[in-house]
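Plus 11 on top of the position in the sequence shown (first one is 1) and you've got our numbering. Okay, structure first, notes after.
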Amino acid sequence: MWFYSCEISCLRVVVVIFTCVFIVASSMAADNIREAKSKLRLEIKKKVKELTEEDKIKQTFIITKRLIKHPDFQNAERIAIYVNMKNEVGTYDILKEAFAGNKQVFMPLVVGEDMKMVKLNSFEDLKTMPKTKWGIIQPSKS
């Protein structure tokens, strides 16, 4: 039950923030929408930092379990996924589950303005992937 209440409170925060931004952005010129998005990102980042490590672990557990039980995930032959950063939902268990289910797994490779999806051969591939200057794990450029 504590999973559910924690999940609801976190979702309420996100819904309220997005609703406020949507209302504000609806009445703004396109030039100001970028600024509103920037403010929203900062507000969400602040809320995420306020979560305890235990809350983050619980949320990752809830999200992971829901995703891997979802029929779309179970029926998928291929998935595209990123490797999480410190304050993001953990994706390692999702990756493990995808490989265990013999799914083809793709990760984004971003070079400048371009993004392409690169197929991973195994979970072990993650151990040899370089990090970008922002600390994001992604496939190598070769």
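Glycine residues also receive a C-beta, built at the ideal position from the N, C-alpha and C atoms. Since the structure is predicted, the reported quantities are computational estimates derived from the model, not experimental observations.
Taking Cβ positions, are residue i and residue j nearer each other than 7 Å?
i	j	result
I79	V100	no
V129	M118	yes
Q149	L106	no
I147	V116	no
Closer than 7 Å by C-beta to residue i: which residues in its own chain qualify, once you throw out the five before and the five after it? Chain order, please.
i	result
I87	The amino acid at residue 87 is misidentified as Ile; the sequence shows Ala. Once the five neighbours on either side are set aside, the close Cβ partners of A87 are K114.
S133	F110
Which residues in the same chain have their Cβ closer than 6 Å to the Cβ of residue i, if we skip the five residues on either side of it in sequence?
i	result
Y15	Summary for Y15: the model assigns pLDDT 41, below 50, so the residue's position carries little reliability, and this model does not support an answer.
W13	Interpretation of W13 is limited by its pLDDT of 39, a score under 50 that renders its predicted location unreliable; the figure taken from the coordinates is listed afterwards. So no residue of the chain qualifies.
D136	none
Spatial neighbours of residue i within its chain, please: C-beta separation below 8 Å, excluding the five flanking residues on both sides.
i	result
V94	T102, Y103, L106, M118, L137, M140, I147, I148 and Q149
Does any CB atom of chain E fall closer than 7 Å to the CB of residue i?
i	result
M128	The structure shown has no chain E; it contains just one protein chain.
Task: Three-pair Cβ contact test at 8 Å for the stretch 103–117 versus the stretch 53–67 - done: no
- [ ] Could I get the ranges of all uninterrupted beta strand (DSSP E) runs contained in the stretch 77–153, with 3 residues as the minimum, in chain order?
- [x] Scanning the stretch 77–153 from its first residue to its last, the whole beta strand (DSSP E) runs of 3-plus residues come out as 89–91, 115–122 and 125–131.
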